[in-house]
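Chemist:
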Amino acid sequence: MPRPRKRARLWLRPERVRNGKVVANATWIILDGGKHFPTGCAHGEIALAEQRLSEHIAEKYQPKRKLKDIESIDVADVLNIYFSDKEIEPEHRKRFEGRISRLAHFFGGKMLSDVTGETCRQYVVVRGNSGGARRDLEDLRAAISHHKDEGLHRSEVRVVLPRKGESRMRWLTRSEAARLLWTCWRYREVQAWNTGTRKGKQVATKKRPLRHLARFILLGLYTGTRAGAIASASFQRGEGRSHVDLEEGVYYRLAQGWARQDSNLQPDRYERARPKLKSPRDNGLALRPTPLVSPSVPPIPVPVRSRCGSVLTPPRRAG
1 MPRPRKRARL WLRPERVRNG KVVANATWII LDGGKHFPTG CAHGEIALAE
51 QRLSEHIAEK YQPKRKLKDI ESIDVADVLN IYFSDKEIEP EHRKRFEGRI
101 SRLAHFFGGK MLSDVTGETC RQYVVVRGNS GGARRDLEDL RAAISHHKDE
151 GLHRSEVRVV LPRKGESRMR WLTRSEAARL LWTCWRYREV QAWNTGTRKG
201 KQVATKKRPL RHLARFILLG LYTGTRAGAI ASASFQRGEG RSHVDLEEGV
251 YYRLAQGWAR QDSNLQPDRY ERARPKLKSP RDNGLALRPT PLVSPSVPPI
301 PVPVRSRCGS VLTPPRRAG
């Protein structure tokens, strides 16, 4: 039985001495497949040598970009090219990497011609979540389409997606939304005594760690904006942040520096929420580079009666 081939690795070649004199200093060498690849790094340059090793491995396994038949194209290479070319916002990068990793784990080793309805359905079963599997397979479809657009294959490859989940049938009622807002406003942090006769006893403190979420809830309820856009909102314009203009009452939902891709990110007026966001405690707030949803922002007073006349009655219990 042949010995398994070792992966590429670093080897410190010792210095060479001839007639009592050093003729070659110790240097790091990359051993790969029985061949030596010089790094040009001395004994003390281990970090640089490791970087050269990483570059060697990346260059070795970089998929070749040339037109081939789908029977000879590994799906992992298609995903790798898509991963390298796709521009992803930093806040979405981790999820994108997770989806590509799951696809590569399942489809790696399969040829592009193996992407059929049967293998897609097998992936849904392995994934265990129809909604998550559909999102992953959408990336696979985009990767294959990108590969074809780059002129690297010509045959048609179809990715079969599972059915979409049912649309949301129920939404928060007005009373439930008010209860949620009131709970965030009234919630007090609970801590335990560490010493004395009360040791271990739970005591409610004066800290209100959820009050900053009141802004988040109000802006979401009045504008219908997605959570990600609200979380990036600020009272001052800034790179990568959407902007809440307290003076004009306009919420510019598209973050500064982002390309406009979604029509739902058009500017929106929030007149009904404006009196609640612009409270007397906001002295100089619009001049600070502070996120809207942050514990450091002074909280807003919960209004007893909204502008349209409805009463926000605190529930007897949080829920």
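In this text, residue positions in the sequence shown follow UniProt numbering: the first is 1, and each later residue adds one.
We treat Cβ as the ideally placed atom computed from N, Cα and C, and that holds for glycine.
All of these numbers come straight from a predicted model, not from anything done at the bench.
My parser needs the beta strand (DSSP E) runs of 3 or more residues fully inside the segment 175–227; what are they?
Modeler: 190–192 and 202–204
Chemist: Which ranges would you report for the alpha helix (DSSP H) in the segment 14–93 if only whole runs of at least 4 residues count?
Modeler: 46–60 and 75–85
Chemist: Taking all protein chains shown into account, decide if residue 126 is buried (16 or more other Cβ within 10 angstroms of its Cβ) or exposed.
Modeler: exposed
Chemist: So, do the segment 105–115 and the segment 66–76 have three or more beta carbon pairs nearer to each other than 8 angstroms?
Modeler: Enough Cβ pairs lie closer than 8 angstroms, so yes.
Chemist: Report yes or no: do three or more beta-carbon pairs, one from the segment 130–143 and one from the segment 154–167, lie closer than 8 angstroms?
Modeler: yes
Chemist: Helix or strand or just coil, what does DSSP make of residue 160?
Modeler: coil
Chemist: Do you know how far the Cα of residue 88 is from the Cα of residue 212?
Modeler: One C-alpha to the other measures close to 29 angstroms.
Chemist: Just confirm the distance between the C-beta atoms of residue 25 and residue 42, as a whole number of angstroms; I'd bet it's less than 8 angstroms.
Modeler: 6 angstroms
Chemist: Taking the alpha carbon of residue 148 as the point to measure from, which residue in 247, 73, 51 and 90 has its own alpha carbon closest?
Modeler: If we check each option's Cα against that of residue 148, 73 comes out closest.
Chemist: On the DSSP letters alone, give me the boundaries of the beta strand (DSSP E) that residue 243 sits inside.
Modeler: 242–245
Chemist: Grouping DSSP H, G and I as helix and E and B as strand, with all else coil, what is residue 115?
Modeler: coil
Chemist: Report the rounded CA-to-CA distance for residue 102 versus residue 153, giving the unit in angstroms.
Modeler: 23 angstroms
Chemist: Quick one, are the C-beta atoms of residue 253 and residue 227 less than 8 angstroms apart?
Modeler: no
Chemist: Which of the three DSSP states, helix, strand or coil, is assigned to residue 360?
Modeler: The structure shown does not extend to residue 360, since the chain is modelled only from 1 through 319, so no value can be given for it.
Chemist: Strictly by DSSP, which residues pair up with residue 133?
Modeler: In the DSSP output, where bridge partners are listed per residue, residue 133 has none listed.
Chemist: With burial defined as no fewer than 16 other Cβ atoms inside 10 Å of the residue's Cβ, what is the status of residue 139: buried or exposed?
Modeler: buried
Chemist: Please confirm whether residue 219 and residue 187 have their CB atoms less than 8 angstroms apart.
Modeler: Against a cut-off of 8 angstroms, the Cβ pair of residue 187 and residue 219 comes out as no contact.
Chemist: Residues in the same chain with beta-carbon distance under 7 angstroms from residue 106, minus the five sequence neighbours each way, listed in chain order, please.
Modeler: 123 and 126
Chemist: With DSSP as the reference, label residue 140 as helix, strand or coil.
Modeler: helix
Chemist: For residue 237, which of helix, strand or coil comes out of DSSP?
Modeler: coil
Chemist: Answer with buried or exposed for residue 52, where buried requires no fewer than 16 other C-beta atoms within 10 angstroms of its C-beta.
Modeler: buried
Chemist: Would residue 201 and residue 192 be called neighbours here (beta carbons separated by less than 8 angstroms)?
Modeler: For residue 201 and residue 192, yes; Cβs fall inside 8 angstroms.
Chemist: When the distance is taken between beta carbons, is residue 76 closer than 8 angstroms to residue 108?
Modeler: Yes, Cβ-Cβ distance for residue 108 and residue 76 is below 8 angstroms.
Chemist: Is it buried or exposed, residue 58, if we count other Cβ atoms within 10 angstroms and call 16 or more buried?
Modeler: exposed
Chemist: So what's residue 7 in DSSP terms, helix, strand or just coil?
Modeler: coil
Chemist: Measure the Cβ-Cβ separation of residue 12 and residue 30 and say whether it is below 8 angstroms.
Modeler: no
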